[in-house]
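Everything below concerns the one structure shown next.
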Amino acid sequence: MILLGMIATIVQTYLIYRYFSPPKDPPKSEFLRQPESEVLGDVCIFVNMILYQVLWNLLTFAPLGRPSGPGEFIGRLLVLCFIALLIYFPPRMFYLAEDIHRRRTWITMLLANSPVIIRVLIGTREWS
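Under my numbering, the first residue of the sequence shown carries the number 8, and numbering increases by one thereafter.
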């Protein structure tokens, strides 16, 4: 399942990259020469980003208790970083192209994802 997720992420990142790359030759398909194809591509990228955001936010429903110690906390941090690189950042990297060096962009992303980060790293209180 993890391998399929990684392959899907690589494929969708490649497709988005190809979408933003200028073509070397004119498209063979008549549809790809029309403005409607650009709108369809934008809609597909937007839907892709929304679906990955939903998948990312499902982490808040993970039944995680409090970490048992620093080792588990660091392990969760490493897993969270890996999952962020796999799920969260690829659909956004082309949207970040212009704003990647702005501190405000990174702060906004951190605040928007703070529920997921807190839930995975710190967990929630277990009710007895």
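Glycine included, each C-beta is placed from N, C-alpha and C at the ideal position.
Ordered along the chain, which non-local residues of its own chain (more than five positions away) have a Cβ less than 8 Å from that of residue i?
i, result
"residue 135", "Below a pLDDT of 50, predicted positions are generally treated as unreliable, and residue 135, at 48, falls in that range; the measurement from the model is reported next regardless. Closer than 8 Å at Cβ, skipping near neighbours: no residue."
"residue 13", "93"
"residue 112", "103, 106"
"residue 80", "74, 128"
Just to confirm my understanding: we take residue i, look at its own chain, exclude 5 residues before and 5 after, and list those with CB closer than 7 Å. What are they?
i, result
"residue 34", "40"
"residue 20", "97"
"residue 48", "26"
Do residue i and residue j have their C-beta atoms closer together than 8 Å?
i, j, result
"residue 128", "residue 87", "yes"
"residue 44", "residue 38", "yes"
"residue 25", "residue 66", "no"
For residue i, count the other beta carbons within 10 Å of its own beta carbon; 16 or more makes it buried, fewer makes it exposed. Which is it?
i, result
"residue 77", "exposed"
"residue 123", "buried"
"residue 114", "exposed"
"residue 136", "Coverage of the chain is limited to positions 8 through 135, which leaves residue 136 absent and any answer about it impossible."
"residue 11", "exposed"
State the Cα-Cα distance for the pair residue i and residue j, rounded to the nearest angstrom.
i, j, result
"residue 36", "residue 17", "25 Å"
"residue 64", "residue 46", "27 Å"
"residue 60", "residue 15", "15 Å"
"residue 107", "residue 50", "22 Å"
"residue 119", "residue 83", "19 Å"
"residue 131", "residue 73", "6 Å"
"residue 69", "residue 42", "42 Å"
"residue 9", "residue 90", "10 Å"
"residue 85", "residue 32", "43 Å"
Excluding the 5 residues preceding and the 5 following residue i in the sequence, name in chain order all residues of the same chain whose CB lies nearer than 6 Å to its CB.
i, result
"residue 71", "130"
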